Amino acid sequence: MKPAFLHTDRRESFTTWRLRTLMNWYPMYFGTGGRILFWAADSQELHLRLRLSAWTYNLVGTIFGGSMFAAADPFYMVLLKRVLGDGFVVWDKSASIRFRKPGRQALYTKYMLDNELLAEIRRAVAEKGETERTFRIEWLDADGVLYAEMERVCYVAEAEFYKQKKGAGQRMRFK
């Protein structure tokens, strides 16, 4: 049973159900031990679970920190790319993790992209051609207790701006 904080009024579409299913079986993601539980039809919300298992335990019998990091890896970049569309280039730029407690039970996280944030990203890209955004990810147990927190920085650029920047012989440097 999913924790109460994962409740949503959004629904999956056939397309996002299929993406979720394929991603859960994609070897590189499957190997993290993570599981996508929900992927909203508008790609503005996604839920993950990470259990202690043969895939995820460490030497001291808790969830391996690398599993937490890897299971949470691609999703803000993927969601932004899906929501913003082909006119934008999106890259993960950096990430950090801070462990708060050893995980011995299932952990969950929820990704959210609200309309205000998306409008802010579009506005910044329209003004400067590119922007960066920092997202916070929290691994929580079913009671909402924090076990690890991550920050992920995503780079977003207008596709033509990115192409010109890249084609101008500039070395692609992310600010």
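Numbers in our numbering are just positions in the sequence shown, counted from 1, shifted up by 289. A virtual CB, placed ideally from N, CA and C, is assigned to each residue, including glycine. Please read these numbers as outputs of a predicted model, since none were measured by experiment.
Residues sharing a beta bridge with residue i, DSSP
i, result
"A384", "R441"
"W428", "A437"
"T423", "V442"
"V233", "Examination of residue 233 is not possible in this model, given that the chain is present from 290 through 464 alone."
Test: residue i CB closer than 8 Å to a CB of chain B
i, result
"K399", "The structure shown has no chain B; it contains just one protein chain."
Own chain residues within Cβ distance below 6 Å of residue i, not counting five before or after
i, result
"Q394", "D430"
"H336", "L295, L326, F327, K399"
"T378", "According to the sequence shown, residue 378 is Val rather than Thr. So the list reads A446, A448, Y451, once near-sequence residues are dropped."
"G323", "L337, L339, A360"
Limits of the beta strand (DSSP E) - the one that residue i falls within
i, result
"E405", "Run containing E405: none in the beta strand (DSSP E); it sits in the alpha helix (DSSP H), 404-417."
"E334", "334-339"
"L396", "396-401"
"R371", "Segment 364-373 is the alpha helix (DSSP H) holding R371; no beta strand (DSSP E) there."
"R324", "323-328"
Start-to-end residues for the alpha helix (DSSP H) that takes in residue i
i, result
"F319", "316-319"
"G456", "448-456"
"F358", "354-360"
Cβ shell of residue i (< 7 Å), same chain only, five flanking positions each side left out
i, result
"Y365", "Y400, F424, R441, C443"
"G418", "A446, E447, F450"
"F388", "G354, A437"
Own chain residues within Cβ distance below 8 Å of residue i, not counting five before or after
i, result
"A384", "F358, D362, M439, E440, R441, V442"
For residue j and residue i, believed in contact at Cβ under 8 Å, the rounded distance
i, j, result
"K382", "E421", "6 Å"
"Q333", "L402", "4 Å"
"R302", "A330", "Checking the sequence shown, residue 302 turns out to be Ser, not Arg. 4 Å between Cβ atoms; contact."
"Q392", "L341", "The residue asked about is misnamed: residue 392 is Gly in this sequence, not Gln. Correct: roughly 7 Å between the Cβ atoms."
Three-pair Cβ contact test at 8 Å for the region 341-351 versus the region 301-315: no
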